[in-house]
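Numbering (the numbering used here), first residue to last: 24 to 98.
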């Protein structure tokens, strides 16, 4: 069952890339729109990934015990 899912996923991905390539070859404007969309989606996913990574690191830093700060002397 798992092998069928993996094979279907690879076949569908290759088919999707072929269809996008066929659509992009019809007109230069269409190709530019596809590239622009891909850049925007990649940028948005990258920003979300960086923010998510920062949140995970922040949670880990808060969960770890920290050394107590030395008391400050009054002046």
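C-beta: ideal position from N, C-alpha, C; glycine also.
Start-to-end residues for the alpha helix (DSSP H) that takes in residue 51: The sequence position of residue 51 within the chain shown is 28, counting from 1. That run of the alpha helix (DSSP H) goes 51 to 86.
Residue 64 beta carbon less than 8 Å from that of residue 53: Here residue 53 refers to the residue found at position 30 of the chain shown. Here residue 64 refers to the residue found at position 41 of the chain shown. Cβ atoms of residue 53 and residue 64: not closer than 8 Å.
For residue 92, the three-state DSSP class (helix, strand or coil): The residue you call residue 92 lines up with position 69 of the chain shown. Here residue 92 sits in coil by DSSP.
Distance between beta carbons of residue 43 and residue 57, contact taken as under 8 Å: Within the chain shown, the letter at position 34 stands for residue 57. Within the chain shown, the letter at position 20 stands for residue 43. 7 Å between Cβ atoms; contact.
Cutoff 8 Å; reference residue 71; Cβ partners in own chain excluding five residues on either side: Counting from 1 along the chain shown, the entry for residue 71 is found at position 48. Nothing listed; no residue qualifies.
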